[in-house]
Amino acid sequence: MNGSAKVSVRRRRQSGGNTFIEWMFTLLPSMAILTFFFDVSFAMFSWGTIQNAAREGCRYAITFQTSGTNGQDASVAQVVQQYGMGLLATNSPLIHVNYFTPAAPNTAIPAGASPAGNVPGNIVEVSVQAYPLTWMFPISSTIANPFRSTSPANISVYSSDILGGFPAGVVSVSR
Numbered sequence: 001m002n003g004s005a006k007v008s009v010r011r012r013r014q015s016g017g018n019t020f021i022e023w024m025f026t027l028l029p030s031m032a033i034l035t036f037f038f039d040v041s042f043a044m045f046s047w048g049t050i051q052n053a054a055r056e057g058c059r060y061a062i063t064f065q066t067s068g069t070n071g072q073d074a075s076v077a078q079v080v081q082q083y084g085m086g087l088l089a090t091n092s093p094l095i096h097v098n099y100f101t102p103a104a105p106n107t108a109i110p111a112g113a114s115p116a117g118n119v120p121g122n123i124v125e126v127s128v129q130a131y132p133l134t135w136m137f138p139i140s141s142t143i144a145n146p147f148r149s150t151s152p153a154n155i156s157v158y159s160s161d162i163l164g165g166f167p168a169g170v171v172s173v174s175r
């Protein structure tokens, strides 16, 4: 009886590191799964927020409103940035406002074209293109990969509607 008790104490003393190793084998995958859930949640939050911002910019555009001395495009971009909840920087190059005619819905009207694109009956498209997602837990070697300088995932959202009539007393709005 005494001999087996001594063996058990000796085994416990020699196998003390196994507990730490087993704990690490469960902790590391658990942390990876936890950060994955945070990353997916933030990606969904970013997509929803930016989609709502583009939708609000489109609603603002169809009413032909402008902010101060800004033209309509700059005013729409300002509204999109405001509704972006800090995800989009001021004067962000990711925000685009395009106008299309119903006869050619795939060809954007250039900014200096005559007649202007922002006239009643045309289609306005407000978009945020290539918003880069930054991950808490990097995927596909984004930290140490010299061949990829950008995020491996981007968000692009679009919202479009038909421009209504000018407000009462307004005959044109600068773009």
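In terms of my numbering, the sequence shown opens at residue 1 and continues consecutively.
C-beta: ideal position from N, C-alpha, C; glycine also.
Give the single residue among 118, 65, 92 and 170 whose Cα lies nearest to the Cα of residue 100. 118
Span of the beta strand (DSSP E) holding residue 170? Neither: residue 170 is in no beta strand (DSSP E) and is coded neither H nor E.
Do you know whose CA, among 43, 170 and 167, lies nearest residue 155's CA? 43
Could you tell me how far apart the beta carbons of residue 48 and residue 80 are, in whole angstroms, since I believe they sit closer than 8 Å? No, residue 48 and residue 80 are not in contact; Cβ-Cβ is about 14 Å, not under 8 Å.
Label residue 62 either buried or exposed according to how many other C-beta atoms from any shown protein chain fall within 10 Å of its C-beta, with 16 as the threshold for buried. buried
Our contact map puts residue 133 next to residue 46 with C-beta atoms below 8 Å; I'd like the distance itself, whole angstroms only. 7 Å
Since I believe residue 124 is in contact with residue 180 (beta carbons under 8 Å), could you give me their beta-carbon distance rounded to a whole number of angstroms? The first residue shown for the chain is 1 and the last is 175, placing residue 180 beyond what the model contains.
Residue-chain proximity (residue 63, chain C), Cβ-Cβ < 9 Å: Annotation note: the requested chain C is absent from the structure, which comprises a single protein chain.
Just to confirm my understanding: we take residue 75, look at its own chain, exclude 5 residues before and 5 after, and list those with CB closer than 6 Å. What are they? 66 and 67
Sequence-distant residues of its chain with Cβ nearer than 6 Å to residue 136 (five each side left out): 35, 38 and 39
C-beta contact flag for residue 128 and residue 84 at 9 Å: yes
Closest residue to residue 174 among 104, 130 and 111 (Cα-Cα distance): 111
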